[in-house]
Amino acid sequence: MLKKGNETTSPSVKEEGRESSGKGWLGSHWGAISVCVIVVIALLLRTVFSYGFSAGNDFALSGGTGAQYHLHVIESILNGSYAIGADSAVNYPVGGLNVNPPLLDFIAAGIASFTSPSAALGGLNPAIGALTCIPVYLIGKEMFGSKTIGVVGALIFAFLPLPICTSVFSNGNEYALAAFLVAFMSFFLVRAAKALGEDEGRKSAIINGVIAGIFLGLAALTWNGFGVLIAVVAAVLLLQVAVCRFGEKDMRQPFLVYAIVMIIGIAIAAAYYIPAGLWDAVFSGPCLLTVLTLVFAAAFVALGSKSWVITIPVLVIAFIAVLVVMYFAVPDLFSALVAGNSMYAGRMSELVSSRVSMSNVASYYGWLTMWLPLCLAFYETYVFLRKDRSSLRLFTAVWLYMMFFAVWSSYGTAASIGCVFGVGSAAALVKLVKYAKVREWFSEIRASGLSKGFKKILKPLPLASVLIIALLVIAPNLVYGLDAGVPTNDSSNVLYNGNTQYFIKAGDDYPIGDVLDSHYPSQNDGAVATWIDYTYDAVNLGGFDSVTDSVGGGTSAVSHILLSEGSSGAIASMIMRIMLANDIDDFASDFTSAKVYNQIKTYFNDCDALYDELTINAADYGNIKSDVSRENALYLVCVKEMTDNMGVVDLSRTYDNVCSTAGQKISYVLLEPAMLPLQYGGGDHFSTMAYFADYSSDSYGAIPQFFSYNAYYGYTMYTEDMYDTFLWQAYIGPSDTEAGVSGTYSYLYALSKSDGTVAANPVEMAGFEVSKWIVRYSAEKNPESDDWTYMDYEEAVKKQEKDGGVINYLSSYILYEYKGIGGTYSMSGSVKADDGSSVDGMVVELYTHNPVTDKEVLESSDVVRDGKYSVAMPSDADGCTVVLKSGNVKIASFKDSVPAVYTIPTVSVDGIFSIDGEPVVGKDMKLVFQNASVSDLKYGAETSDGSFSLAKVLEGQYAMTAYDASGSKISTSDVAIVSGDGKTVSGLHIAPTTHKLTATVKDGNGREVDGGRVVATDTSSGLQYSAPVEEGTAVLNLMAGTYTLHMTGGYTVMNSSTYTISSSDRSASLTAYPAVDVD
978 MLKKGNETTS PSVKEEGRES SGKGWLGSHW GAISVCVIVV IALLLRTVFS YGFSAGNDFA
1038 LSGGTGAQYH LHVIESILNG SYAIGADSAV NYPVGGLNVN PPLLDFIAAG IASFTSPSAA
1098 LGGLNPAIGA LTCIPVYLIG KEMFGSKTIG VVGALIFAFL PLPICTSVFS NGNEYALAAF
1158 LVAFMSFFLV RAAKALGEDE GRKSAIINGV IAGIFLGLAA LTWNGFGVLI AVVAAVLLLQ
1218 VAVCRFGEKD MRQPFLVYAI VMIIGIAIAA AYYIPAGLWD AVFSGPCLLT VLTLVFAAAF
1278 VALGSKSWVI TIPVLVIAFI AVLVVMYFAV PDLFSALVAG NSMYAGRMSE LVSSRVSMSN
1338 VASYYGWLTM WLPLCLAFYE TYVFLRKDRS SLRLFTAVWL YMMFFAVWSS YGTAASIGCV
1398 FGVGSAAALV KLVKYAKVRE WFSEIRASGL SKGFKKILKP LPLASVLIIA LLVIAPNLVY
1458 GLDAGVPTND SSNVLYNGNT QYFIKAGDDY PIGDVLDSHY PSQNDGAVAT WIDYTYDAVN
1518 LGGFDSVTDS VGGGTSAVSH ILLSEGSSGA IASMIMRIML ANDIDDFASD FTSAKVYNQI
1578 KTYFNDCDAL YDELTINAAD YGNIKSDVSR ENALYLVCVK EMTDNMGVVD LSRTYDNVCS
1638 TAGQKISYVL LEPAMLPLQY GGGDHFSTMA YFADYSSDSY GAIPQFFSYN AYYGYTMYTE
1698 DMYDTFLWQA YIGPSDTEAG VSGTYSYLYA LSKSDGTVAA NPVEMAGFEV SKWIVRYSAE
1758 KNPESDDWTY MDYEEAVKKQ EKDGGVINYL SSYILYEYKG IGGTYSMSGS VKADDGSSVD
1818 GMVVELYTHN PVTDKEVLES SDVVRDGKYS VAMPSDADGC TVVLKSGNVK IASFKDSVPA
1878 VYTIPTVSVD GIFSIDGEPV VGKDMKLVFQ NASVSDLKYG AETSDGSFSL AKVLEGQYAM
1938 TAYDASGSKI STSDVAIVSG DGKTVSGLHI APTTHKLTAT VKDGNGREVD GGRVVATDTS
1998 SGLQYSAPVE EGTAVLNLMA GTYTLHMTGG YTVMNSSTYT ISSSDRSASL TAYPAVDVD
């Protein structure tokens, strides 16, 4: 039969001892007084450094997107638009989820009734963070029966960096309140566990269990990561009943107490999460964990009279069977139970990693104090196994283990359960001090006098203990704690070292606020497309609805808007966003081309047709993933269908019709600096955006469709597809070639400190107008100068023209507004080739002159289809220029009107295929010229001496590819074929793509050689290239191939190595010796 046992908590109490109450009121209340002082210190740490900057900027908030989210919810509560679990202002036009529970928001909204929402939110957290020291004190005092541990624990917690950083004045996140509630939940769990070990403790255990359950439920209404807390209680429950079973003690009482905690907590959580529609996003995992824990624990208790040799294996097998069934039958629930719920949409769940590294935890909680709870857990486990099988001792060990390892799961968890580091570190340090007899050591030193006291000081154990505490705990935690209170806005503060960081969104460091604020509170007639980092900034500061939300909704749409080709691609992507949120049948009459609509409808309704198009015409869609999602497949295929068959005028009119039918509209696009990839590890969003659009990435994280990284220096190298994107054209404008700059790196560098010679000149996209554009300006030319400031683009340009200085265009923020192409009339014409060749695919663009900006503005464009085109001219425009283009080459230009039929002449071409001006001689090659716009236009020529000729070629831009005799591609080059007389092009030089081989030449003594020539011989063709050696270096420009190196001109090399040139520059080292003639 089961025995009641003599379980007691007394060993814990005896070990630590109850401090004497001392004499008088002060001695009796020293613990409470100490905690009050600590609370004041904690409050000062959380306000002194941040209050002035936040309050001085209209109570600006820190805490990133989360803080802006909470501010938005508070304002929604106050204005009556709050909806449980839903948010129509984000993920437009679908609507987003409020995945964060609302307890913090309702508390702050109540305070905001007497002040502003941001002041209420920013001021609430430091008070809560400071008050959390009280439950931390209570945990330590109750868990170890020691006021000393409680006070030390509260003091340590007051200086822990992460709890400070997440509860400073200005922080708008929920973690401070969550940490406060978790600490109180832990305190009442300690009291319940302690009562379980007392003979008359049943009632007390249940009461404390009920209160702990309430605090668990309140934590769940504050923080959506509360599943960790369920896991802690579940672990305690299962281990406690197991220990009771093996110790032949009553299992029912601990089961009842901890079951009450879990049931009350999950019931309170269910009251919000289920009506809010957050079962899949947040609630299913914690709920299933609760149910399974209680069911199997209840079964274990009910089978207590049976032999554990039978019951434990049976229950384990049953549990495994349940998991197996869930894995196959309901995999989503299995994943939620085992790995936790994912609140993120689409690719976001794959991309976001919330794990916390060891270095993170060290910076959050001190690189020694982070380990002290684990050390204490080992000690408590040892004591439990050796001499104290009490409920409190078991709870202490399990609580320390579970809370310590939970910290590593996410940032939110690390911020919410900091009490374990305060209590665990304090208990470990106090035990160390007692074990080392530090108090007695101090007494001996005082009593021994100066001469003998010095010898006492060198007593190893107490001296080492004091040094460890002083140098490895007090000093670093004091430094880190002070640093945690200083915002990065005040990085010049002597106390700031950047260990933990928070940024208050205000001032010159937050320029996007000015861009958004400039538009508020105007009545915006449409949503804004910007990246997820600024979703709630746009909502709060600009009064916009946002296409994205903070958990991944709308990211595919924004990615395609920004990465599609020009304004046509952006408008087509916006059409797709609206249609995907509605029924495709609603828009049958909205398209100006019924053929295009019918084809798109087919792709919407037939997945096989959709993916067949992607597979059959894979080359048309670039370097995309093999597992492209249906949403992205629709964007890629349908946007191409629209842009291939509809001009920008038709697209704009179709978009206007679609918006009118749906009653929904995306009217703004916000571009910001982090959207462009500048260098490896630069922290930009571009790769993330491309990832959400299902473009492939390489091993370095670059997106080959748009750019690659230089393997040695890490800078980016853009492709033509990058320069064609709406993002680039609307943010910078010209490509490097069009700007007259050689290479991406040089171009970006020039744009980052432009003196006006090279400047951003965004193409004013057809249908869009710049609403706000700010740039960084400096009167000095030093990039490290402190006088950089943001100002309007036009103001900066005028200031530069007057006073000099430089502009950083790569730091621009540009807000575009979609205006459409209204008030226009069409200009139509036909284009043909004089030899009858198809010219379908060539581009016609219409420009007007803007006298304010003195720029040519692209108003409309169209692609030649069936030999015809139509472009739109604003009715109020004072003249226009119409340009016919093949690729980037202008073939013809017309002023104010267009001919009914324009015939493109074919010309004869003779030219030279050369490297560094020297013909490539001795290699049989075939040169293939592919027109950049017209896929059917392709010409070929053969050469062995570098010269070639083409009899009849249509003018335009061509991509030339050179093949060797075996048919292998050896070089590519872009070629512009335009004649002056419309008849012939003579002396055309084509420079193939080459890469530098830099040879370092030294003599046998290691000295640089000056003289002679390095000769590279192509191992397949025997072609030779040479360069002179000057000051120990020779630079050769070589096509792709494999080469051997030797020297001429009075020098020779003993051994010749082989070098392969493929896609990047190479280097070589040669040892040269004077050549000696042998008779």
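Residue numbers for the sequence shown follow this note's numbering, so the first one is 978 and each next one is one higher. C-beta: ideal position from N, C-alpha, C; glycine also.
Is the beta carbon of residue 1145 closer than 9 Å to that of residue 1103?
A contact, by the Cβ cut-off of 9 Å.
Does DSSP put residue 1563 in a helix, in a strand, or in coil?
Correct three-state label for residue 1563: helix.
Under 9 Å, do residue 1884 and residue 1960 count as touching if we go by C-beta distance?
In contact: residue 1884 and residue 1960 (Cβ atoms closer than 9 Å).
Quick check on the DSSP output: what are the complete alpha helix (DSSP H) runs of length 4 or more inside the segment 1226-1305, in order along the chain?
The qualifying runs are 1229-1250 and 1261-1279.
Measure the C-alpha to C-alpha separation of residue 1242 and residue 1092 and round it to an integer number of angstroms.
Cα atoms of residue 1242 and residue 1092: separation of roughly 32 Å, rounded to the nearest angstrom.
Measure the alpha-carbon distance for residue 998 versus residue 1005 and round it to whole angstroms.
Any answer about residue 998 is weak, because its pLDDT of 47 lies below 50 and its placement is not dependable; what the coordinates show is given next. The straight-line gap separating the alpha-carbon atoms of residue 998 and residue 1005 is approximately 5 Å.
Pick from 2008, 2021, 1361 and 1874: whose alpha carbon is nearest that of residue 2001?
Out of 2008, 2021, 1361 and 1874, 2021 has the C-alpha closest to the C-alpha of residue 2001.
Measuring straight from C-alpha to C-alpha, what distance separates residue 1788 and residue 1207?
Going from the Cα of residue 1788 to the Cα of residue 1207 covers about 46 Å.
Applying the criterion that 16 or more other CB atoms from any shown protein chain within 10 Å of the CB defines a buried residue, is residue 1966 buried or exposed?
That one is exposed.
Residues of its chain near residue 1280, where Cβ-Cβ distance is below 6 Å and the 5 sequence neighbours each way are ignored
Sequence-distant Cβ neighbours of residue 1280 in its own chain, meaning closer than 6 Å and more than five residues away, are 1288.
Can you tell me whether residue 1175 is helix, strand or coil according to DSSP?
Residue state, collapsed to three classes: coil.
Go ahead and label residue 1402 buried or exposed: buried means 16 or more other beta carbons lie within 10 angstroms of its beta carbon, across all protein chains shown.
Residue environment analysis places residue 1402 among the buried positions, since at least 16 neighbouring C-beta atoms fall within 10 angstroms of its C-beta.
Are the Cβ atoms of residue 1089 and residue 1074 separated by less than 9 Å?
Between residue 1089 and residue 1074, the gap from beta carbon to beta carbon reaches 9 Å or more.
On the three-pair Cβ rule with 8 Å, is the segment 1912-1930 touching the segment 1894-1901?
Touching, yes.
List the endpoints of the continuous alpha helix (DSSP H) containing residue 1376.
That run of the alpha helix (DSSP H) goes 1368-1383.
For residue 1978, which of helix, strand or coil comes out of DSSP?
Looking at residue 1978 - three-state DSSP - the assignment turns out to be strand.
Sequence-distant residues of its chain with Cβ nearer than 7 Å to residue 1950 (five each side left out)
Cβ within range, chain order: 1937, 1967, 1968, 1969 and 1970.
Take residue 1376 and list the residues in its own chain whose beta-carbon comes closer than 6 Å to its own, dropping the five residues that flank it on each side.
A distance below 6 Å between beta-carbons, with the five flanking residues on each side excluded, links residue 1376 to no residue of its chain.
Residue 1172 and residue 1185 look like a contact to me (Cβ under 8 Å); what is the Cβ gap, rounded to whole Å?
Rounded, the Cβ-Cβ distance is 6 Å, consistent with contact.
Which same chain residues end up closer than 6 Å to residue 1875 when comparing Cβ atoms and leaving out the 5 residues on each side of it in sequence?
If we look at residue 1875 and ignore the five residues flanking it on each side, its Cβ neighbours are 1804, 1806 and 1859.
Between the beta-carbon of residue 1039 and the beta-carbon of residue 1147, is there less than 9 Å?
Result yes, Cβ atoms of residue 1039 and residue 1147 sit closer than 9 Å.
The beta strand (DSSP E) enclosing residue 1138, as first and last residue numbers:
Not the beta strand (DSSP E): residue 1138 falls in the alpha helix (DSSP H), residues 1138-1142.
With DSSP as the reference, please indicate the residues paired to residue 2134 in a beta bridge.
One cannot answer for residue 2134 here, as it falls past the ends of the chain, which runs 978 to 2056.
Expected contact under 8 Å - CB spacing of residue 1159 and residue 1015 to nearest Å
At roughly 19 Å, the Cβ-Cβ gap does not stay under 8 Å, so residue 1159 and residue 1015 are not in contact.
Have a look at the DSSP bridge pairing and note the partners of residue 1871.
Answer is 1859.
Under a three-way DSSP split, which group does residue 1478 fall into?
Note: residue 1478 maps to coil in three-state DSSP.
CB contact flag (residue 1854, residue 1880, <9 Å):
Residue 1854 places its beta carbon 9 Å or farther from that of residue 1880.
Do you know how far the Cα of residue 1398 is from the Cα of residue 1511?
Residue 1511 and residue 1398 have their C-alpha atoms roughly 34 Å apart.
Alpha-carbon spacing of residue 1685 relative to residue 2041, whole angstroms:
Cα-Cα distance, rounded: 11 Å.
Measure the alpha-carbon distance for residue 2050 versus residue 2038 and round it to whole angstroms.
Spanning the two alpha carbons is a distance of roughly 26 Å.
Run through the segment 1539-1621 for me and flag every whole alpha helix (DSSP H) of 4 or more residues, listed as ranges in chain order.
1543-1557, 1571-1582 and 1584-1593, all fully within the segment 1539-1621.
Of the listed residues 1212, 2012, 1448 and 1726, nearest to residue 1236 (C-alpha basis)
It is 1212.
Would you check if there are 3 or more beta carbon pairs closer than 8 Å linking the segment 1574-1591 to the segment 1640-1655?
No contact exists between the segment 1574-1591 and the segment 1640-1655.
Counting only the same chain and skipping the five closest in sequence on each side, list residues whose C-beta sits under 6 Å from that of residue 1547.
Cβ contact annotation for residue 1547 (same chain, cutoff 6 Å, sequence separation greater than five): 1538, 1541 and 1703, in chain order.
Using 10 angstroms around the beta-carbon of residue 1560, count the other beta-carbons present and answer buried if the total reaches 16, otherwise exposed.
The residue is exposed, with fewer than 16 neighbouring Cβ atoms inside 10 Å.
Given residue 1100, which residues of its chain have a CB within under 7 Å of its CB, disregarding the five upstream and five downstream residues?
The answer, listed in chain order, is 1146.
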